[in-house]
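Trainee: Sharing a structure with you now.
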Amino acid sequence: MRLRNVWVHVLGVALSASVAACGGGGQESSAPAATAKPAAGASKIDPSTAGDIKGTVTLTGTAPKNEPIRMNADPICIKQTNGPQLQETYTVSSDGKLANVFVYVKDGLGNYVYDPPAAGIKLDQHGCRYTPHVFGVRVGQPIEIVNSDPTLHNIHAMPKANPEFNNGQPIQGMKMNHTFKAKEVMVPFKCDVHGWMNAYVGVLDHPFFAVSKEDGSFEIKGLPPGDYTIEAWHEKLGATTQKVTIAAKDSKDVSFTFDAAKAAD
Amino acid sequence: MLHRFSQFVVGCTVLLVLAGSLVTSTGSGLAVPDWPTTYGWNMFTFPPSKWVGGIFYEHGHRLIASSVGFLTIILAAWLWLADPRRWMKRLGVAALAAVIAQGVLGGLTVLFFLPDAISTAHAGLAEIFFCLTVAIALFTSRGWIEAAGGADDRMLRAVATLTTALVYTQIIVGAVMRHSGAGLAIPDFPLMFGGLVPDHWSSAIAIHFAHRVGALIVTAAVLATTAHVWYHHRGQRELMRPALLIVGLVAVQVTLGALTVLSRRDVAINSAHVVCGALVLASSLVITLRSWRVRFAEVRLRPDTTNVRTNAASGFRRVAAGEGRPV
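If you read the protein sequences in the order shown, they are chains E and B.
Start counting the first sequence at 1; every next residue gets the next number (this note's numbering).
Start counting the second sequence at 1001; every next residue gets the next number (this note's numbering).
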C-alpha cells in the first residue's frame, strides 16, 4: 500500500511537470519585464558631459574559412538562396576588418538610470538565416522574432542566466515576442530544423554596446565620464578586454585585434 | 505465428534504435519543439511536405516509436490471450509498460530541452525494451520450448550473465558520453592525447576514457564467453551461433567506435555504432538466457506438433500437470 502511494506521487509529479512544460509553448514566450526601479541615489546621465568610444576590430593572420552550408535538407531553403552558401562566422574584409563582434561596457558604470529602449529589436528568419547574426538587447526590451521564410523554423535560445525556450514557427509570417530578464553575454540562438542557423544576442542592463560592421567599425555613444572595461566578443575567437578612461565630452579610440590562430574548433 | 510476430517487433525495434541514434547524431532532438503534438499538428496528420531538416529525423523517430508502441500493444494482448505461461503474460505487460514509459521519457526530454539525465534514461530504457522484445521472441521460439541449448553449466551462466551486465553498463556509459557531448573529448585514437592515458582530465574526458576502457573490458568478457562456449558446448548450435556472432559484432563495434572519433562523429558511423551496440547486447542476452534455460523447467508446456487441440494463435497446447516432459 505504501509502495502504491509512492508510485501515485511519482506519477502525479511527472504529470504536473509535463503539464507545466506543455504550457510554455506559446508564441508570447515571456511577458515584458517590469521596469526596474532605480537604485537609491541613481542619477540620469548628463548628456552635456557624455563622451564616445569609437574603434575598429581587426583580425590578424589568415582568416579561417567559413563552413559551407548544405541546404539540401530543405528544398525551400535552396529556392530562397542563390548559389553556394557559407556560414557567417568570419565576416572579414579584404583589409582584415572583422564584423559581427559584440563590443560592450563590461565594467565601470556607476549608479545610473537609463531611459527605456525606444523600440523592440527584430530578429528575422529569412533565407534560412538569422538576421542579424549578432546583436545586443536591453534587459526587458522585446525581441520580435519573425519567420519570413515559406518553411518552418524552431527558435531555440540556450541562455544560462535566463530561462531556455524552444518555440516553433511553422507558418510564414508568424511572429513572437520575447524579453530577457537578466543580463547575459552572449545568448546563443539556433534552429534545430536547419542546423546551420545560429545567432547570438548580448543582453545588458545598460545601453552601451555595439556590433562591429563590415568595415570592422563600432561606436558607443553617450558614456558618462569614468574608467571602464570594454570587452569585445566573437563567437569563435573568444573575448578580449581593454581599460579606457573617458573624460567629459571625450572621444576615445579603442580598437581590438583578434588572432586568427586562436580560433576555436 | 506469435514467434514470427515477436521477431517482427524485434526488427522494428532495431529500426527504432537506428532512428533514435540518427536524432542524436544529427542534433535534431529539439527540431520539433512540442510534444505530443508536432508544431501544433496531431502527430499523425503532420504534412509530409514539412518533414524537412531535423524534423525528418525527430518526427520520423516519433512515428516509428508510435508504430512500435502499437505493435507492442498487439504483442502484449496476444501473449495474454494465447500464451499459457503466466510469466510470459507478465513479460508482455512489462514490455508494454516499458514502451509507454519510453514514450513519456522521450516527450519529457524534448519539453525540458534534452537534459542529460532524462536523455540518458531514455537511451537506457530503450535498450531494456529492446531486450524485452528479444527475450519474448526467444521464449516463443520452438528451440526454447523444446529445450534446445539447455546446457546446465554454472560457469557459462556466470560468465554470460556478467558479460550481458557489462555490455549494458558500457551502453549506459556511452549514452552518458553521447548526451553530455563528450564524444570527442579525447580527439585521437588509439592513443589519448598522444599517450596511453590522457595527460589532463575533465568530466568529459573521464566519461570518454571510461567508455574506451569499458570497450576493452567488454571485449575481454565477450571473448571469455565465446571461448567457454567453444570449448564446452561446441556441438550446441543454439549457443555457438550467438557466441560467434557476438565476436564479429564486437569487432565491428570497436571499429565503428574508432571511426566515430576519427571521422569527427560522422552521422552514419555514429548511428551505426549505437545500433551495433544494441545488437551486441541482444546477442549476449540470448546466450545468457539460453544458459539459464534449465532453470525454466517448471512450466508444463510443450509445442503442439500434432495439430490436435491446438491453440492456433500460439502453437502451444496446455498439458495437464505431470503429463509430458517439462520444458
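C-beta: ideal position from N, C-alpha, C; glycine also.
Count Cβ pairs between the segment 218-231 of chain E and the segment 46-55 of chain E that sit closer than 8 Å; are there 3 or more?
Mentor: With a cut-off of 8 Å, the segment 46-55 of chain E and the segment 218-231 of chain E count as touching, because enough Cβ pairs lie within range.
Trainee: Beta-carbon of B:L1022 versus every beta-carbon of chain E: anything under 8 Å?
Mentor: Closer than 8 Å: no.
Trainee: Express the C-alpha separation of B:R1265 and B:M1088 in angstroms, rounding to a whole number.
Mentor: Cα to Cα, B:M1088 sits roughly 40 Å from B:R1265.
Trainee: By the three-class DSSP mapping on this structure, what secondary structure does B:F1193 have?
Mentor: Three-state result, B:F1193: coil.
Trainee: Using a Cβ-Cβ cutoff of less than 7 Å, which residues in the same chain neighbour B:A1126 once the five nearest sequence positions on both sides are dropped?
Mentor: For B:A1126, where only same-chain residues beyond five positions count, the Cβ hits under 7 Å are V1017, G1020 and Q1102.
Trainee: Whole angstroms is fine: what's the gap from E:S307's alpha carbon to B:V1023's?
Mentor: Since the first residue shown for chain E is 1 and the last is 265, residue 307 of chain E is missing from the structure and cannot be characterised.
Trainee: Looking only at its own chain, which residues have a Cβ that is under 7 Å from the Cβ of E:P150, when we skip the five neighbours before and after it?
Mentor: Answer for E:P150: I76 and Q172, listed in chain order.
Trainee: Is it right to say E:K243 is buried, meaning 16 or more other beta carbons lie within 10 angstroms of its own, or is it exposed?
Mentor: E:K243 is exposed by the Cβ-count criterion.
Trainee: Assuming the contact rule is C-beta atoms closer than 8 Å, B:L1256 and B:A1135 should be a hit. Round their C-beta distance to whole Å, please.
Mentor: Actually they do not touch by this definition, with Cβ atoms about 25 Å apart.
Trainee: Tell me, please, whether the segment 1216-1228 of chain B touches the segment 1158-1176 of chain B by the rule of three or more beta-carbon pairs shorter than 8 Å.
Mentor: Contact holds: three or more Cβ-Cβ distances are below 8 Å.
Trainee: Using a Cβ-Cβ distance under 8 Å, would B:K1050 count as near chain E?
Mentor: Chain E contact via Cβ: present.
Trainee: Look up B:I1100 in the DSSP assignment and say whether it is helix, strand or coil.
Mentor: DSSP places B:I1100 in helix when its eight states are reduced to three.
Trainee: Drop a sphere of 10 angstroms on the beta-carbon of E:T257, count the other beta-carbons inside from all chains shown, and report buried for 16 or more, exposed for fewer.
Mentor: E:T257 is exposed by the Cβ-count criterion.
Trainee: Please determine, among E:G55, E:P142, E:W196 and E:E231, the residue with the shortest C-alpha to C-alpha distance to E:N72.
Mentor: Of the listed residues, the one whose Cα sits closest to E:N72 is E:W196.
Trainee: Leaving out the 5 sequence neighbours to the left and right, which residues in its chain are closer than 8 Å to B:I1100 when beta-carbon positions are compared?
Mentor: Within the same chain, B:I1100 has close Cβ partners G1069.
Trainee: Which first and last residues belong to the beta strand (DSSP E) in which B:H1273 is found?
Mentor: Taken as a continuous stretch (DSSP letters only), B:H1273 belongs to no beta strand (DSSP E), being part of the alpha helix (DSSP H) at V1267 to S1291.
Trainee: Contact check, E:H206 vs E:V101 under 8 Å by CB: the rounded distance?
Mentor: At roughly 18 Å, the Cβ-Cβ gap does not stay under 8 Å, so E:H206 and E:V101 are not in contact.
Trainee: Is E:Y228 helix, strand or coil when you go by DSSP?
Mentor: E:Y228 falls in the strand class under three-state DSSP.
Trainee: DSSP on E:E214, reduced to helix/strand/coil?
Mentor: Three-state result, E:E214: coil.
Trainee: Nearest to B:H1233 by alpha carbon, out of B:R1212, B:V1197, B:A1065 and B:I1287?
Mentor: Nearest option by C-alpha distance: B:I1287.
Trainee: Got a sec: is the Cβ-Cβ distance from E:H178 to anything in chain B below 8 Å?
Mentor: No, E:H178 does not count as interfacial toward chain B.
Trainee: Is B:W1230 helix, strand or coil by DSSP?
Mentor: Of the three classes helix, strand and coil, the one that applies to B:W1230 here is helix, per DSSP.
Trainee: Where B:T1109 and B:A1123 are concerned, what is the direct C-alpha to C-alpha distance, given to the nearest angstrom?
Mentor: B:T1109 and B:A1123: Cα-Cα distance of roughly 11 Å.
Trainee: Below 8 Å between beta carbons is the criterion; list the residues of the segment 1071-1090 of chain B that meet it against any residue of chain E, in chain order.
Mentor: Listed by position, the residues of the segment 1071-1090 of chain B near chain E (Cβ gap below 8 Å) amount to none.
Trainee: Taking the DSSP output, what are the residues bridged to E:R129?
Mentor: Note: E:R129 sits in a beta bridge opposite E:H126.
Trainee: So which residues on chain B does E:T81 lean against when the C-beta distance must stay under 9 Å?
Mentor: By Cβ distance, chain B contributes nothing, its closest Cβ being about 14 Å from E:T81, past 9 Å.
Trainee: According to DSSP, is B:V1017 part of a helix, a strand, or is it coil?
Mentor: B:V1017: helix per DSSP, three-state reduction.
Trainee: Rounded to whole angstroms, what's the CA-CA distance from E:S212 to E:N198? Just pull it up for me.
Mentor: Cα-Cα distance, rounded: 18 Å.
Trainee: Compare the C-beta of E:A73 with all C-beta atoms of chain B and state if any pair is closer than 8 Å.
Mentor: Yes, its Cβ sits closer than 8 Å to a Cβ of chain B.
Trainee: Figure out for me which residue from E:A157, E:P163, E:E164 and E:K122 has the closest Cα to the Cα of E:S148.
Mentor: Minimum Cα distance to E:S148 is reached at E:K122.
Trainee: Using a Cβ-Cβ cutoff of less than 7 Å, which residues in the same chain neighbour B:E1058 once the five nearest sequence positions on both sides are dropped?
Mentor: Result list for B:E1058: V1023, S1028, G1029, A1031 and V1032, in chain order.
Trainee: Give every residue of the same chain whose Cβ lies closer than 6 Å to the Cβ of E:D124, excluding the five residues on either side of it in the sequence, and list them in chain order.
Mentor: So the qualifying residues of the chain are T131, V146 and S148.
Trainee: Once you ignore the five residues that flank B:A1258 on each side, which residues in its own chain have a CB closer than 8 Å to its CB?
Mentor: So the list reads F1189 and P1190, once near-sequence residues are dropped.
Trainee: Tell me where the beta strand (DSSP E) around E:F135 begins and ends.
Mentor: First-last of the beta strand (DSSP E) with E:F135: V134 to R138.
Trainee: CB-CB under 6 Å to E:M174, same chain, minus the five flanking residues each way: which ones, in chain order?
Mentor: Hits under 6 Å: N147.
Trainee: Could you work out which residue in E:K249, E:A263 and E:T241 is closest to E:G108 when comparing CA atoms only?
Mentor: When each option's Cα is compared against that of E:G108, the closest is E:T241.
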